[in-house]
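Under mature numbering (1 follows the signal peptide of the UniProt record, and there is no 0), the letters of the sequence shown match residues -15 to -1, 1 to 324, in that order. No residue lacks a Cβ here, since even glycine has one placed at the ideal position from N, Cα and C. Down below is the structure, laid out as structure tokens.
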Amino acid sequence: MIILANTTLLRLVESWTSLEVSLGAIARLRSVVTETPQEENTGEQKLTAPTNWPVAGSIVVHGLEASYSPPNLALQNIHLEVKAGQKLLICGRTGSGKSTLLLSFLGLLDLQPGSIMVDNIDISNMSQTYLRRHCFITVPQDPFTLAAATLRFNLDPEGFLPDSVLIEVLENTGLWEHFCQSSKLNHSKSSEIEALLDRPMSSLPPLSAGQQQLLSLSRALAHKRAATAHGYSDLQTQLSVADRKPILLLDEATSALDPETEAVMQDVIEKEFTQEGYTVIIVAHRIGGMLKYFRDDIDAVVWMTEGRVERVVHTQAAVRLALKDDRGGGSNRCSTDLP
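Shown next, in the form of structure tokens:
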């Protein structure tokens, strides 16, 4: 009887402890749900845009200020013009406001005074959902994949694209050969090709850090193909989307890559986006390797310091001079891999 009572008491204590832990977790989850700020009117279009807006992808920033926690400003009085089809490289110290500027474009920060105009329309008057679905293709600094989801879903979550297009974008970044060789795929059997695309990422050969970033770029290519070739209906805004998203944003997407992988990414970006008239905005610490495709008096490099635009240059000669100034202790401090 004593042993039975001890066992019963022990299980009671364990159950009570487990209940306390669960109640604490529920309370924390509830606080996250109730206290975390939410985007307002995410499904409501606050301004009616012209049909097929945007088309060109020009951006004009005027007097922009933004912050993560007011009153501390992360961006201060930003004035910047990005022409349609231009490649803009943004560099500066850590904390200078480079990534914050991209977050402002995507509507992830509440803007203070100032405006951001995309093709002559102030995007602060657009719902965030509408803005992101119409304007931008993004490649983040940290690659993101869903291990339990299929390779197909990680590339094309909407399911618009056929196998041939998904294979094409993987071939463009060199990943299809990696998957095929590692999986011993028989190229003559379409069933094996389909099976590979439908395998969970966790069951596929592991990807290096550089290959994960190439997968993010492959997703951007798939996004581009889907936006230009297929329409979809946004049930919240009742809008048909069948036009391309004309602006590509890359947030330090090459910062952790070796020179060979970075060269592959730059070649793909040049061929798939720049040469096809997309506006390309790249946040980077190393820009020396990007000057291979820099077009004098068309493209530009922006240096940012403490949330402000310090200078803008439009020629390779001026860029190289500025980078050499950095080596000598100048104020811009953008890393360089120039010889």
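Candidates the options: closest to residue i by CA position
{"i": "Leu58", "options": "Leu73, Val46, Leu74 and Leu86", "result": "Leu86"}
{"i": "Leu151", "options": "Pro231, Cys165 and Leu136", "result": "Leu136"}
{"i": "Ala69", "options": "Thr259, Glu295, Lys277 and Thr300", "result": "Thr259"}
{"i": "Gly262", "options": "Asp183, Asp107, Arg293 and Ala41", "result": "Ala41"}
{"i": "Leu235", "options": "Leu65, Glu291 and Phe121", "result": "Phe121"}
{"i": "Lys230", "options": "Asp243, Ala212 and Leu242", "result": "Ala212"}
{"i": "Leu233", "options": "Leu242, Gln251, Pro244 and Val265", "result": "Val265"}
{"i": "Glu179", "options": "Ser188, Thr19 and Ser149", "result": "Ser149"}
{"i": "Asn105", "options": "Pro22, Asp95 and Glu66", "result": "Glu66"}
{"i": "Gly292", "options": "Ala51, Thr(-9) and Asn110", "result": "Ala51"}
{"i": "Gly82", "options": "Pro56, Phe90, Lys72 and Leu60", "result": "Leu60"}
{"i": "Val46", "options": "Pro56, Trp1, Gly144 and Asp107", "result": "Asp107"}
{"i": "Phe145", "options": "Arg210, Pro39, Pro56 and Ser(-1)", "result": "Arg210"}
{"i": "Asp95", "options": "Gln166, Phe164, Ser54 and Ser(-1)", "result": "Ser54"}
{"i": "Ala142", "options": "Arg204, Ile11, Ser188 and Arg184", "result": "Note that residue 142 is Pro in the sequence shown here, rather than Ala. The residue with the shortest Cα to Cα distance from Pro142 is Arg204."}
{"i": "Ile44", "options": "Arg13, Gln251, Pro128 and Met102", "result": "Met102"}
Own chain, CB closer than 7 Å to residue i, minus 5 neighbours either side, in chain order
{"i": "Leu206", "result": "Val154, Asn157 and Glu257"}
{"i": "Leu(-6)", "result": "none"}
{"i": "Ala302", "result": "none"}
{"i": "Thr27", "result": "Only weak support is given to the placement of Thr27: the predicted model assigns it a pLDDT of 48, under 50, and the value that follows is read from those uncertain coordinates. Cβ within range, chain order: Ser112, Gln113 and Thr114."}
{"i": "Ala194", "result": "Ala241"}
{"i": "Gln71", "result": "Thr264, Ile283, Asp284 and Ala285"}
{"i": "Ala196", "result": "Reading the sequence as shown, one finds Gln at residue 196 and not Ala. Excluding sequence neighbours, Gln196 sits near Leu160 and His163."}
{"i": "Ala(-11)", "result": "none"}
Residues that DSSP places opposite residue i in a beta bridge
{"i": "Asp141", "result": "Note: Asp141 sits in no beta bridge, so no partner."}
{"i": "His47", "result": "Ser100"}
{"i": "Ile63", "result": "Leu49"}
{"i": "Asn157", "result": "Answer is none; Asn157 lacks a bridge partner."}
{"i": "Pro185", "result": "Thr135"}
{"i": "Arg293", "result": "Thr290"}
{"i": "Asp107", "result": "Met102"}
{"i": "Ser(-1)", "result": "Note: Ser(-1) sits in no beta bridge, so no partner."}
{"i": "Val298", "result": "Val286"}
{"i": "Ile122", "result": "Leu233"}
{"i": "Ser54", "result": "Asn57"}
Same chain only: Cβ atoms within 6 Å of residue i, ignoring 5 sequence neighbours per side
{"i": "Leu93", "result": "none"}
{"i": "Leu199", "result": "Thr158 and Leu160"}
{"i": "Glu255", "result": "Tyr278"}
{"i": "Leu(-4)", "result": "none"}
{"i": "Leu296", "result": "Per the sequence shown, the amino acid found at residue 296 is Arg instead of Leu. Excluding positions up to five away in sequence, the list reads Trp288."}
{"i": "His208", "result": "Ile122"}
{"i": "Ser89", "result": "Ala51"}
Close-in-space but distant-in-sequence residues of the same chain around residue i (CB under 8 Å, 5 per side omitted)
{"i": "Leu131", "result": "Phe138, Asn139 and Met186"}
{"i": "Ser240", "result": "Gln126, Ala269, His270 and Arg271"}
{"i": "Val253", "result": "Asn157, Thr158, Leu202 and Leu206"}
{"i": "Val249", "result": "Thr158, Gly159 and Leu199"}
{"i": "Gly48", "result": "Asn62, Ile63, His64, Pro98, Gly99 and Ser100"}
{"i": "Asp282", "result": "His299 and Thr300"}
{"i": "Ala162", "result": "First, the residue type needs correcting, since residue 162 is Glu and not Ala in the sequence shown. Here the set comprises Glu156."}
{"i": "Arg117", "result": "Leu91 and Gly92"}
CB contact below 8 Å: residue i versus chain B
{"i": "Leu155", "result": "Absent here is chain B; the protein component of the structure consists of one chain."}
heavy atom of the ligand FAD below 7 Å from residue i C-beta
{"i": "Gln301", "result": "You won't find the ligand FAD in this model; it holds no ligand whatsoever."}
Exercise for the section: Within the stretch 66 to 102, note down every full beta strand (DSSP E) run reaching 3 residues or more, in order along the chain. Expected result: Within the stretch 66 to 102, the runs of beta strand (DSSP E) that reach at least 3 residues and sit entirely inside it are, in chain order, 72 to 77.
Handout entry: Length at least 4, wholly inside the stretch 232 to 286: the alpha helix (DSSP H) runs in chain order
Key = Along the length of the stretch 232 to 286, whole alpha helix (DSSP H) runs at least 4 residues long occupy 244 to 257, reported in chain order.
Problem - Contact the stretch 285 to 300 vs the stretch 74 to 81: 3+ CB pairs below 8 Å - result: Judged by Cβ distances under 8 Å, the stretch 285 to 300 makes contact with the stretch 74 to 81, as three or more pairs qualify.
Problem - the stretch 62 to 76 in contact with the stretch 265 to 285 per 3-pair CB rule at 8 Å - result: Yes, the stretch 62 to 76 is in contact with the stretch 265 to 285.
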